[in-house]
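Mapping the sequence shown onto the UniProt record's numbering, position 6 (from 1) lands on 6, and the numbers just tick up by one.
Quick reminder that beta carbons are idealized off the backbone N, C-alpha and C, glycines included.
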Amino acid sequence: LTVVLVMSLVASGVLPVASVEADSSVLVQAGDSLSSIAFDHGVTVDAL
Numbered sequence: 001l002t003v004v005l006v007m008s009l010v011a012s013g014v015l016p017v018a019s020v021e022a023d024s025s026v027l028v029q030a031g032d033s034l035s036s037i038a039f040d041h042g043v044t045v046d047a048l
């Protein structure tokens, strides 16, 4: 029932769907952290 309700809200435009695209990819290696990856790419952890 929940899935049907969400699909109905999206289809009717009441619940908008965000589209996100990534311009690059990052190979994550042992020892990497989200904060270091974000810093290296000039973005915030939230933006990742």
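Taking residue i and residue j to be in contact with their CB atoms under 8 Å, please state how far apart those CB atoms are, rounded to whole angstroms.
i   : j   : result
L48 : L27 : Contact doesn't hold; Cβ gap of about 14 Å is too wide.
Which residues in the same chain as residue i place their Cβ atom closer than 8 Å to its Cβ, once the five residues preceding and following it in sequence are excluded?
i   : result
A37 : First, the amino acid is wrong: residue 37 is Ile here, not Ala. Contacts found: V26, V28 and L48.
T44 : A38
How far does the alpha helix (DSSP H) with residue i in it extend, from its first residue to its last?
i   : result
S33 : Taken as a continuous stretch (DSSP letters only), S33 belongs to no alpha helix (DSSP H), as it is neither H nor E.
Going by beta carbon distance, what residues of the same chain come within less than 6 Å of residue i, once the five residues before and after it are set aside?
i   : result
E21 : none
Can you list, in chain order, the residues of its chain with a C-beta nearer than 7 Å to that of residue i? Leave out the 5 residues immediately preceding and following it.
i   : result
A30 : none
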